[in-house]
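First the structure, in the form of structure tokens, and then the observations on it.
Numbering (the numbering used here), first residue to last: 440 to 735.
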């Protein structure tokens with residue numbers, strides 16, 4: 440009985456740590472998870488906590504050798520967890536306690552892709568072409584959505600558009616946080632895209648950068664929105680009722696796009712963010728309804 444209570448307590452502590460990282464109060468992701476059953480909630484929270492942890496390593500650790508050592512540790516810990524179905528780290532322990540061994544094997548290639556994107560961020564030298572950026576986004580956001588698909592046993596026909604939406608979601612994140620990320624030297628806009636507007640990365644550090652980049656950023660949001668709605672249309676042709684979790688994420692992304700549109704994509708001088716209550720309502724309604732058609 441004592442051993443069982445200790446194990447139960449450890450599981451609860453592991454899940455609580457993952458929730459702290461992945462589902463902070465007021466976050467859209469927290470509200471998108473409201474309809475998940477407990478096993479799926481714990482597993483998706485652990486996967487998101489892993490994503491957040493890898494992001495912290497590449498974006499907050501200033502010494503590259505320290506960051507690389509941490510990523511190497513995670514690679515080894517993940518391989519050991521998959522091979523032996525045991526782990527001491529709270530995130531991996533929470534994941535293993537929520538997913539059976541057979542399902543866990545489906546995660547391996549997508550987690551490997553996510554680790555690859557973290558290494559790319561660590562060695563970041565800028566993206567030369569749109570194709571370079573697309574490959575990164577697919578390994579970053581696309582792989583994360585592929586993990587969710589594997590966990591929720593989504594029909595294989597739905598996985599391609601959902602993975603594309605994951606990549607676009609992270610592209611939207613990069614746009615929203617461009618003002619913050621330029622200070623760390625991470626500028627996701629490809630060189631060829633900036634050259635089309637006779638701009639370069641150096642121009643992002645000018646005092647009048649917001650004015651210089653306004654046309655490019657507005658075009659970037661317009662293109663992103665068009666790609667997003669095109670992908671949603673492709674998904675709707677398969678089903679208007681993907682898992683509620685994805686319906687909520689889609690609605691939250693659309694709301695974020697509209698928010699940036701209202702602020703004229705002023706992401707260099709400010710960071711437009713939705714109010715938590717607005718995200719709660721958006722996610723709640725989306726989970727009750729089919730995916731809405733693309734707005735004209």
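Beta carbons are placed, not taken as given, at the ideal position from N, Cα and C, and that holds for glycine.
Measuring alpha carbon to alpha carbon, tell me which of the options ends up nearest residue i.
i	options	result
residue 664	635, 649, 700, 638	700
residue 553	532, 528, 646, 580	580
residue 558	597, 568, 503	503
residue 496	560, 570, 733	560
residue 613	647, 656, 638, 697	656
residue 576	705, 524, 446, 611	611
residue 634	462, 652, 465, 551	652
residue 466	726, 450, 716	716
residue 705	684, 617, 718, 733	617
residue 549	470, 637, 590	590
Assuming residue i and residue j are in contact, meaning their beta carbons sit under 8 Å apart, how far apart are those beta carbons, in whole angstroms?
i	j	result
residue 721	residue 694	5 Å
residue 607	residue 666	6 Å
residue 444	residue 529	Between residue 529 and residue 444 the Cβ distance is about 18 Å, and since that is not below 8 Å, they are no contact.
residue 472	residue 462	6 Å
residue 547	residue 521	6 Å
Going by DSSP in three states, residue i sits in which element: helix, strand or coil?
i	result
residue 440	Residue confidence for residue 440 is low, a pLDDT of 46 falling below 50, so the modelled location carries little weight and cannot support an answer.
residue 536	helix
residue 467	helix
residue 575	helix
Please classify residue i as buried or exposed, where buried requires at least 16 other C-beta atoms within 10 Å of its C-beta.
i	result
residue 593	buried
residue 724	exposed
residue 632	buried
residue 441	Reliability fails at residue 441, whose pLDDT of 46 lies under 50, so the model's placement of it is uncertain and no value is given.
residue 605	buried
residue 586	buried
Taking 8 Å as the cut-off, decide whether the C-beta atoms of residue i and residue j are in contact.
i	j	result
residue 619	residue 686	no
residue 730	residue 679	yes
residue 565	residue 626	yes
residue 426	residue 533	Because the chain is modelled from 440 through 735, residue 426 falls outside the range shown and cannot be assessed.
residue 542	residue 524	no
residue 513	residue 493	yes
residue 672	residue 733	yes
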